[in-house]
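Participant:
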Amino acid sequence: MEKLPVCLTVPFGADRQLYCLPSRAYSSANHHLYLQPPDIRHVFIPASLNYAALYLGTYVLSLHARQWLIFSGAVVLIPARLIASVVYTYRKHIGEAEARGARLPPVIDTQSFGNWKLMLRLEEAMTAGYPGDEFWDFVEQHGSTFNLRLGFEDVVTTIVPEYLKRILSTEVEKFEKGEDFRHAMESVLGSGIFNSDGAMWKFHRSLARPFFARDRVTDLERFDKHIQKGVQIMKARMETGYAIDFQDLMQRVTLDTSSEFFFGTCINSLEMSLDNLPLPYNHPRHEDSVQEFSNHPENAFSEALLKAQFIASQRDRVGWIWPLLEIFGDRTKKHMQVVNAFLIPVIKAAIAKNVDTLEQDETKEVSEEFERDGSFLDDLSRQTSGRCEVDAILSNAVMSNSSLL
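Residue 1 is where the sequence shown starts when you use this note's numbering, and the numbers rise one by one after that.
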C-alpha cells in the first residue's frame, strides 16, 4: 500500500502553513523545521490583558473582587491559554493533514513534561557522544521523518534527500527559519545568509554568489599548501609515538584555507609546535596539556569559534526556552569578542583599501583584475562599504566551513 504523504508545518512570517511532501525512505544529513510556539512574549502581554479584562469585568458587573484575586486569576489564565493553544494547534494540524489526504510525522514521546527527558538525552549525546547518535535510533524506530516535540514545540526532523533538497534549495523560500531561530542565532551569525529570510536572504546571496565560480572553488594550489602542512604535522607527531586529534587537525586546515580564501589573510592555526599539542588521555599530564593547548594564543580564534558554535547548537536543541538558561548574560559574547577581534580589523582594512583603489582608478580592466586576484572580502568590500553587512556574510561563511567538521 502506498504511504500517505507527510505534512510538515512551516512558518510563513507570523502565520503557520501546512506543507505536504510525498513519503520516502532514504538517509542523508538531518534538518530541522521549527514551528513557532508560545514563547516569553506570550506570557507578559496575555497576563496584562487578562488582568485588564478581569478588572473591567468586575467593574462593569459591580463585583467586589479583591486585587489579589484578580491578579491570581490573570496568572492562572496564562497556562490555561497556553495549554488550549497547544491542543488547538495540534488538532488543527491533524484536521488539515487529513483534509489533504496526508499524515503528521510521528512524535518522539518520552512521557515527560515538555519532553524534558528527551532534551537531557540529546544534550548528553552532544556533550559525551557523537552528533547524530540519538537520531539514528529514532530513524530505526519511527522512520525517516519524525517530530521531537521539545518544550511543546514541534521540531520536525527529516533525513529524506528529496525533502532536504526542497528545504535547502528548490523551495527554500517556503521554509523560512523564523523569528525564534533568528533570535537564537543572532549573537553568532548576525543577519547573514544562514540567519535571514526573505529580502535580506536574497541580498546576502546576491553579494556572495558571484565569487563562488568554478575556477575559484577549484583553486587547488591555495588549498593544497595547507593540506600539506597538516600532513607534515601529523607525520611529525606520529614519529614521537603519540596519536593526533584528527578532527582538530582538519579543523585547523579548514580554518587556514577558508581564512585565506575569504579574507586574503591566513589565521595560521597550523603554526604550532608539537610540544603544544595535547597528550593522550592515558598520559599523566593529559589534563594539563589540554588546558595549555586550549589557552595557547594560536588557538584563541579556533577555540572561541568552536565554543560559540557549541552554545548556538545548544540553543537549537533546547528550543524556545533557551533564554532562561542565559538569564545572567549572553554566553556567546566573550567568545564572539575573540572572533570579532580578528575579523573587524581585517574587514576595516579591506574596505578602506578598496575605497582608495576604486577612487584612484575606476577602469574596467583594473576592476576585472582586482576581482580575479582578490579574496572574497575584497570582492564584498567592492560591492558594499557597510562593515556590518560584510561582517555578517564573512562570519556565516567561516561558521559554515568550520561546521563541516
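Think of the CB as a built atom: it goes at the ideal place given N, C-alpha and C, for glycine as much as any other residue. Treat the numbers as computed from the prediction; the structure is a model and nothing was measured.
In the DSSP assignment, find the alpha helix (DSSP H) that holds threonine 332 and state where it starts and stops.
Facilitator: That residue, threonine 332, is in no alpha helix (DSSP H); it is neither H nor E in DSSP.
Participant: Span of the alpha helix (DSSP H) holding valine 231?
Facilitator: Segment 220 to 239, the alpha helix (DSSP H) holding valine 231.
Participant: For phenylalanine 452, list the residues DSSP reports as bridge partners.
Facilitator: Coverage of the chain is limited to positions 1 through 405, which leaves residue 452 absent and any answer about it impossible.
Participant: Measure the alpha-carbon distance for glycine 264 versus proline 161 and round it to whole angstroms.
Facilitator: The alpha-carbon atoms of glycine 264 and proline 161 are separated by roughly 35 Å.
Participant: Along the chain, where does the alpha helix (DSSP H) that runs through alanine 300 open and close?
Facilitator: Looking at the DSSP string, the run of the alpha helix (DSSP H) that includes alanine 300 is 300 to 318.
Participant: Taking the Cβ atom as the reference point for each residue, do serine 269 and leucine 279 lie within a distance shorter than 8 Å?
Facilitator: For serine 269 and leucine 279, no; Cβs fall outside 8 Å.
Participant: In whole angstroms, give me the CA-to-CA distance for lysine 333 and phenylalanine 135.
Facilitator: Going by the C-alpha atoms only, they are around 30 Å apart.
Participant: Would you list the one or two residues that DSSP bridges to valine 107?
Facilitator: Valine 107 is bridged to Asn147.
Participant: Taking the alpha-carbon of valine 231 as reference, which of Arg252, Gln291, Ile351 has the nearest alpha-carbon?
Facilitator: It is Arg252 whose Cα lies nearest to the Cα of valine 231.
Participant: Give every residue of the same chain whose Cβ lies closer than 8 Å to the Cβ of glutamate 276, excluding the five residues on either side of it in the sequence, and list them in chain order.
Facilitator: In the sequence as displayed, the identity of residue 276 is asparagine instead of glutamate. Only Glu292, Phe293, His296, Glu298 meet the Cβ criterion.
Participant: Could you please give the first and the last residue of the uninterrupted alpha helix (DSSP H) stretch that includes glutamine 198?
Facilitator: In the sequence as presented, glutamine is not what sits at residue 198; that position holds glycine. Taken as a continuous stretch (DSSP letters only), the alpha helix (DSSP H) holding glycine 198 covers 198 to 208.
Participant: Give me the Cα-Cα distance between arginine 100 and histidine 93, rounded to the nearest whole angstrom.
Facilitator: Taking the straight line joining both Cα atoms gives about 11 Å.
Participant: Closest to leucine 274 by C-alpha separation, out of Glu326, Met238, Leu120, would be which residue?
Facilitator: Nearest C-alpha to leucine 274: Met238.
Participant: Less than 8 Å between C-beta atoms, sequence neighbours within five positions excluded: which residues of the same chain meet that for phenylalanine 301?
Facilitator: If we look at phenylalanine 301 and ignore the five residues flanking it on each side, its Cβ neighbours are Leu255, Ile267, Ser269, Val338, Val339, Phe342.
Participant: Let me know the secondary structure DSSP gives tyrosine 90 once reduced to three states.
Facilitator: Looking at tyrosine 90 - three-state DSSP - the assignment turns out to be helix.
Participant: For the alpha helix (DSSP H) containing threonine 265, name the first residue and the last one.
Facilitator: Looking at the DSSP string, threonine 265 is not in any alpha helix (DSSP H), and its letter there is neither H nor E.
Participant: Beta-carbon within less than 6 Å of isoleucine 311's beta-carbon, same chain only, minus the 5 sequence neighbours each way: which residues are those?
Facilitator: Taken in chain order, the residues that qualify are Arg331, Thr332.
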